[in-house]
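The C-terminal residue of the sequence shown carries number 670 in our numbering, and the numbering is unbroken.
The beta carbon of each residue, even a glycine, is placed where N, CA and C say it ideally should be.
Scroll down for the structure; my scribbles are underneath it.
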Amino acid sequence: MMLKRVLTAVIGSLLVATMAIAQKGIEDGSRFGKGADSVRAVTNLSLYQQFVKQKAFKDALPSWRILFNEAPRASQNMYIHGVVMYKILIDETKDPALRKAYVDTIMMIYDRRAQYFGKRGEVMARKAVELYGLAPEREAEAYQIIAENVKKEGVSVPEFGLTLFMQLSVELLNKKQITPDEVVANFSKSVEILETQLKNAIEAKDKETIKTALDNVQAAFSSSSAATCDALIPVVDRKYKAAPNDIENLKSSLGLMQTVKCEDSPLYATLAENLHKMQPSASSAYSLGKYFLVRKDFDKAIPYYQQAIDMEESNDEKAKYLSELALIYFAAGRPPVETRKIALRAIEYNPNDGRSYITIGRLYASFNKSISDKPFEQNTAYWAAVDKFIQAKRVDPSVAAEADQLIATFSAYFPSQEDAFFNDLREGQEYTVPGWINEVTRVRIRK
């Protein structure tokens, strides 16, 4: 009996020793495993790395697969190289089933990388980006990956993942696979995370990257059918109440409300006034001007626009403010000479401002009776007006459709052949439009 117990103990110890000699890293949690399996892992790591250095990726695959299956902690770079190698295989085959299998393998590589090396927020974001890039038809699956990642990892999801999150949200909304409420919730969460990341960022380049992502997220949302004031205002209101003196938050919220056309909201005025008190700027003055403009309170809008113009340093922005101010003057019935002066200032800052040329043309057509008591001379204002519409579409193709419509409308008011004859004028002759317009044009006859 004693001998039997001794033999049993010896056999047991031999079994333990054998396991210690040969045990894979995937089994014992170590980097390479133990014993013979450790030697096998280290050997294959060296082989695969040498092949990768030579860019002999196909030759690297057998050793890589051994590491992936037996020693998943051997190297984090192993997962990066694995994605590269399988993308090469995808590029080299046209077999749909094989391509899908390779894509699925890449998805598994990302899962295994997150399992053994952490940083799930970043790794799962890359997984979603990779899936959408390799198989756009699987966008719903990519959306689920990034949505789950945002829910679980929050602020650790990198900015590129949140950009994709909103892009996919809008695409799936357009396909009626998710609801507008879900898109609004996704937008709110994405903005919350990005603004937190922006506050925590130290490096200037990181801040710039996050700001770009925030712009992209806002642009994606504002272009969607979910972007309504009813949906947006509760999100902005919550952000404002949480940090009423956060200047960056006020600026981004106002920009988004302008994009979605919510400038008539009392909340918009509250944010704009608060920002203007804390940090008077061209932007804050402009925001207040827009609020009163939407409400057609021109007398209050005009001073804020003038403040914005005076404070603005960018020529493009100054031109934009002047162009809009000219329209306000026009709508408010201010003297046409003053209105034209403002529009011409806008053109000085931006010679390609087609909108200001259109404003001047409409001004000539609307105030034609103010240039003369003679009906014929009044109608010559339409020549000068059409000149401006032609110039507008020449410098700014974005206004071409509107310009063409205005040209067709006001050409019908050109003087007739009989009127031209009695005034001793002929087609194409140079002519100076009288009165405050006082512009040289060419005689054109109504067709």
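- For Glu571, the closest of Ala524, Arg518, Ala542 and Gln601 by C-alpha to C-alpha distance is Ala542.
- Under the three-state reduction of DSSP output, Tyr636 falls in the coil class, being neither helix nor strand.
- In this structure, the alpha-carbon of Gln299 lies about 19 angstroms from that of Lys257.
- In the structure shown, the three-state DSSP call for Arg665 is strand.
- A contact between stretches requires three or more CB pairs, one per stretch, nearer than 8 angstroms, and the region 615–635 fails this requirement with the region 644–658.
- Here Gln652 is exposed: its Cβ has fewer than 16 other Cβ atoms, across all protein chains shown, within 10 Å.
- When DSSP states are grouped into helix, strand and coil, Thr316 belongs to the coil group.
- The way I'd put it, the region 436–449 does touch the region 389–401; three or more beta-carbon pairs between them come closer than 8 angstroms.
- Assignment of Lys257 by DSSP, reduced to helix, strand and coil, places it in the strand class.
- Pairing Leu321 with Glu376, the inter-Cα distance amounts to about 32 angstroms.
- Thr386 is positioned such that its CB atom lies no closer than 7 angstroms to that of Ala351.
- Exclusion of the five residues before and after Lys500 leaves no residue of its chain whose Cβ lies closer than 6 angstroms to its Cβ.
- When DSSP states are grouped into helix, strand and coil, Thr451 belongs to the coil group.
- Under the three-state reduction of DSSP, Glu653 is assigned to strand.
- Where Gln277 is concerned, there is no enclosing alpha helix (DSSP H), because DSSP gives it neither an H nor an E.
- When secondary structure is reduced to three states using DSSP, Ser537 falls in the coil class, being assigned neither helix nor strand.
- Between the region 506–526 and the region 603–621, the count of C-beta pairs closer than 8 angstroms stays below three; the two stretches do not touch.
- Exclusion of the five residues before and after Thr432 leaves Glu382 as the residues of its chain whose Cβ lies within less than 8 angstroms of its Cβ.
- Look at Leu648 here: in three-state DSSP terms it is coil, with no helix or strand label.
- Classified as buried, Arg578 has 16 or more neighbouring CB atoms from the shown chains inside 10 Å of its CB.
- Going by beta carbons, Arg568 and Leu545 fall inside the 7 angstroms limit.
- The beta-carbon separation of Leu494 and Tyr463, rounded to 6 angstroms, stays under the 8 angstroms limit for a contact.
- Minimum Cα-Cα distance from Val440 among the listed residues Trp287, Val407 and Ile425 corresponds to Val407.
- Look at Thr432 here: in three-state DSSP terms it is helix.
- Here Lys513 is buried, its C-beta having at least 16 other C-beta atoms within 10 Å.
- Val326 sits in a helix when the DSSP states are folded into three classes.
- Secondary structure remark: continuous alpha helix (DSSP H) runs of at least 4 residues inside the region 516–595, in chain order: 521–534, 538–555, 559–572 and 577–589.
- Across the structure, Gln367 and Phe553 are spaced so that their CA atoms are roughly 51 angstroms apart.
- Here Thr482 has Ser445 as same chain residues with Cβ atoms under 6 angstroms from its own Cβ, once five neighbours each way along the sequence are excluded.
- DSSP places Gly384 inside the alpha helix (DSSP H), whose first and last residues are Glu382 to Asn397.
- Between Ser537 and Pro403, the alpha-carbon positions lie close to 37 angstroms from each other.
- Cβ-Cβ distances below 7 angstroms link Pro574 to Val618 in the same chain, with the five nearest sequence neighbours on each side left out; the list follows chain order.
- Membership of Gln420 in the alpha helix (DSSP H) is indicated by the continuous run Pro403 to Asn423.
- Per DSSP, the continuous alpha helix (DSSP H) segment holding Pro489 begins and ends at Pro489 to Met501.
- Shortest Cα-Cα distance from Ala505 to any of Leu516, Ala492, Glu540 and Ser488 involves Glu540.
- Look at Gln400 here: in three-state DSSP terms it is coil, with no helix or strand label.
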